[in-house]
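Number 100 in my numbering belongs to position 95 of the sequence shown; there are no gaps in the numbering.
Ideal Cβ positions, reconstructed from N, Cα and C, are used throughout, including at glycine.
Computed from a predicted model, the values in this text were never measured in an experiment.
Input: a single structure, listed below in structure tokens.
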Amino acid sequence: MAFEESPAERREVTVRRAPKYVPFLILGALVGVAAAAVVAYAVPGDETFDPGAVFGFFMVMFAAAGAILGAALALVLDRRSVKRQEKAVVEAVPDSEPDTDPQA
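Listed below in structure tokens is the structure:
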């Protein structure tokens with residue numbers, strides 16, 4: 006069985022390492038929760054407030070602030086990756102054998 010070899014297709018592509026945003030948001034929120042725990046339980050405060058309630062209040066604020074800071078960091082790293090992008094040439098490699106699958 007002979008088959009024709011077509012010339013390989015060559016294209017130029019842009020390659021860069023872009024960060025994933027969701028892990029940055031989650032990590033920022035978790036750091037915010039940890040900071041809220043430190044503020045609520047390690048720092049002496051007013052005895053009239055329950056430490057659990059103080060933790061819940063600060064957790065909402067610090068988690069949101071941490072997520073925003075994580076998103077800002079991801080945006081900075083994304084902008085930096087745009088500046089460091091590289092060009093590459095890719096080439097399609099044809100199959101060495103034609104497909105003979107009867108189910109296709």
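query	result
As assigned by DSSP and simplified to three states, the class of K88	helix
contact_flag[the stretch 54-68, the stretch 23-32] where n(CB pairs < 8 Å) is 3 or more	no
Reference A58, options A42, T105 and A68, closest by Cα	A42
Local conformation of A34 per DSSP, three classes	helix
First through last residue of the beta strand (DSSP E) which encompasses V17	Looking at the sequence shown, residue 17 is not Val but Glu. That run of the beta strand (DSSP E) goes R15 to V20.
Residue from E52, E91, V27 and R15 whose Cα sits closest to the Cα of L78	V27
T19 to V94 span [Cα, whole Å]	9 Å
Straight-line Cα distance separating L80 from E17	26 Å
Reduced DSSP category for V94 - H, G, I as helix; E, B as strand; rest coil	strand
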